[in-house]
Amino acid sequence: MTETSILGQKVVLRDKRIEDGEDDHRWRSDQELAELDAAPRLRQPLADFLRDYANELKYPTPWVRRYGIDTLDGLHIGNCMVYDIDNFKGQCEVGILVGNRDYWGRGYGREAVQLLVAQCFKNAAMNRLYLHTLEWNARARRAFAMCGFKEVKPVRRAGYNFILMELTREDWEARQDGA
């Protein structure tokens, strides 16, 4: 299978690799990053995590697509994904984590989202992308809005207050025409 590689001006989105496992384990074990992701901090030993991680890569599911985010010089700085892919409805949820704090607030995450959105609308026949971001995470909400996502409504899940945001193909195409 040919590896996916989506080139931007700052980042490259590419298929996840086994070499990403140690970074992913470190980021998912980080308390602050876990809070930003509304997830419990990972407490699994690295060896167990890497075994499970290898199985996820070897046996991917058709409703999830994971990408590593690399700088142009090949440094793995985060991950993004589309999941709950519903080809019948033409929609999916998107998510992102820039785990390397040296790249926060510098446009790397925003460009990764823009590349992911373009991939979904150009190559995956999606008509609607959506996400849930924590209500208190103003930085993420601003970044997603800059990529064209609109706030739809508050949602309470698993004890957290989220904002549901969405971007339709029609709105995305209008933004492309205006660019």
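Sequential numbering of the sequence shown, starting at 1, is according to this note's numbering. Cβ coordinates follow ideal geometry from the N, Cα and C atoms, glycine included.
Per DSSP, residue 78 is one residue of the beta strand (DSSP E) stretching across 76 to 86. Proximity to residue 6 across 74, 25, 90 peaks at 74, based on C-alpha coordinates.
Excluding its 5 nearest sequence neighbours in each direction, residue 166 has C-beta neighbours in its own chain below 7 angstroms: 128, 129, 130, 149, 150, 152, listed in chain order. Under the DSSP assignment, residue 91 falls in the beta strand (DSSP E) whose first and last residues are 91 to 98. Contact check for residue 96 against residue 105 fails: the beta carbons are separated by 8 angstroms or more.
With a contact defined as Cβ atoms closer than 8 angstroms, residue 13 and residue 112 qualify at about 6 angstroms. Under the 10 Å beta carbon count, residue 72 is surrounded by fewer than 16 other beta carbons and is classified as exposed.
Residue state for residue 53 is assigned as helix, using DSSP reduced to three classes.
Per DSSP, the unbroken alpha helix (DSSP H) holding residue 28 starts and ends at 21 to 28. Here residue 54 has 18, 21 as same chain residues with Cβ atoms under 8 angstroms from its own Cβ, once five neighbours each way along the sequence are excluded. For residue 166, the enclosing beta strand (DSSP E) has its first and last residue at 160 to 168.
Just so you know, the alpha carbons of residue 139 and residue 51 end up roughly 34 angstroms apart. Of all C-beta pairs linking the segment 85 to 100 to the segment 24 to 39, three or more are shorter than 8 angstroms, placing the two stretches in contact.
From the listed residues 101, 91, 132, the smallest Cα separation to residue 119 is found for 91. Listed as beta-bridge partners of residue 4 by DSSP are no residues whatsoever.
Residue 159 counts as exposed, since fewer than 16 other C-beta atoms from the protein chains shown sit within 10 angstroms of its C-beta.
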